Amino acid sequence: MQIGFPFRIDGRGRTADADLDTHVRQLLEQVLFTSPGERVNRPTFGTGLAQLVFAPNGEELATATQFLVQGALQQWLGDLIQVESVDVVSVEGTLSVTVRYVVRRTQQRQVAQLSRGT
Numbered sequence: 001m002q003i004g005f006p007f008r009i010d011g012r013g014r015t016a017d018a019d020l021d022t023h024v025r026q027l028l029e030q031v032l033f034t035s036p037g038e039r040v041n042r043p044t045f046g047t048g049l050a051q052l053v054f055a056p057n058g059e060e061l062a063t064a065t066q067f068l069v070q071g072a073l074q075q076w077l078g079d080l081i082q083v084e085s086v087d088v089v090s091v092e093g094t095l096s097v098t099v100r101y102v103v104r105r106t107q108q109r110q111v112a113q114l115s116r117g118t
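In structure tokens form, the structure reads like this:
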């Protein structure tokens, strides 16, 4: 059973769950949008991606962000997914990340498009 995120109670009064693809997508979001130091027992968990929205925009930022995201996903979700590519675009205070990956258990290719704005 994969617990749904954010944690909630479903209509039956039980912990809400999610199918594998949804669960992996939710884990991706948690890794990308959690800042290091935010989780007490895992101080290195996350990427701090939301803070990069305020950084000076440029090709260097996009490249650094790609490496940051790919490294974090391999570190924290490497047993669940194989990252194929990461594309980062920052436009006027909105950071968009596209991650192409393969779910190891099912060998299904997936694409996740995530974005955060100021």
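Heads up, the sequence shown is in UniProt numbering, so the first residue is 1 and it goes up one at a time. Where a beta carbon is used, it is the ideal one built from N, C-alpha and C, also for glycine. Just so we're clear, the structure is a prediction, and the values are computed from it rather than from any experiment.
What does a CB cutoff of less than 6 Å around residue i pick up in its chain, not counting 5 residues either side in sequence?
{"i": "V86", "result": "Q66, V69, Q70 and V99"}
{"i": "L61", "result": "A55"}
Go ahead and pull the three-state DSSP assignment for residue i.
{"i": "L80", "result": "coil"}
{"i": "V69", "result": "helix"}
{"i": "Q107", "result": "coil"}
{"i": "residue 121", "result": "The requested residue 121 does not occur in the structure, where the chain is confined to residues 1 to 118."}
{"i": "R8", "result": "coil"}
{"i": "A112", "result": "strand"}
{"i": "T22", "result": "helix"}
{"i": "H34", "result": "Per the sequence shown, the amino acid found at residue 34 is Thr instead of His. T34: coil per DSSP, three-state reduction."}
{"i": "T47", "result": "coil"}
Distance, Cα to Cα, residue i vs residue j?
{"i": "Q108", "j": "F33", "result": "24 Å"}
{"i": "Q74", "j": "V97", "result": "16 Å"}
{"i": "V89", "j": "L95", "result": "6 Å"}
{"i": "V41", "j": "T47", "result": "According to the sequence provided, residue 41 is Asn. The question's Val does not apply to it. Cα to Cα, N41 sits roughly 16 Å from T47."}
{"i": "R105", "j": "F7", "result": "23 Å"}
Looking only at its own chain, which residues have a Cβ that is under 8 Å from the Cβ of residue i, when we skip the five neighbours before and after it?
{"i": "F45", "result": "V31, T34, P36, E38, R39 and W76"}
Counting only the same chain and skipping the five closest in sequence on each side, list residues whose C-beta sits under 7 Å from that of residue i.
{"i": "E84", "result": "R100, Y101 and V102"}
{"i": "D10", "result": "A16"}
{"i": "F5", "result": "Q26 and Q30"}
Drop a sphere of 10 angstroms on the beta-carbon of residue i, count the other beta-carbons inside from all chains shown, and report buried for 16 or more, exposed for fewer.
{"i": "R25", "result": "buried"}
{"i": "I81", "result": "buried"}
{"i": "L20", "result": "exposed"}
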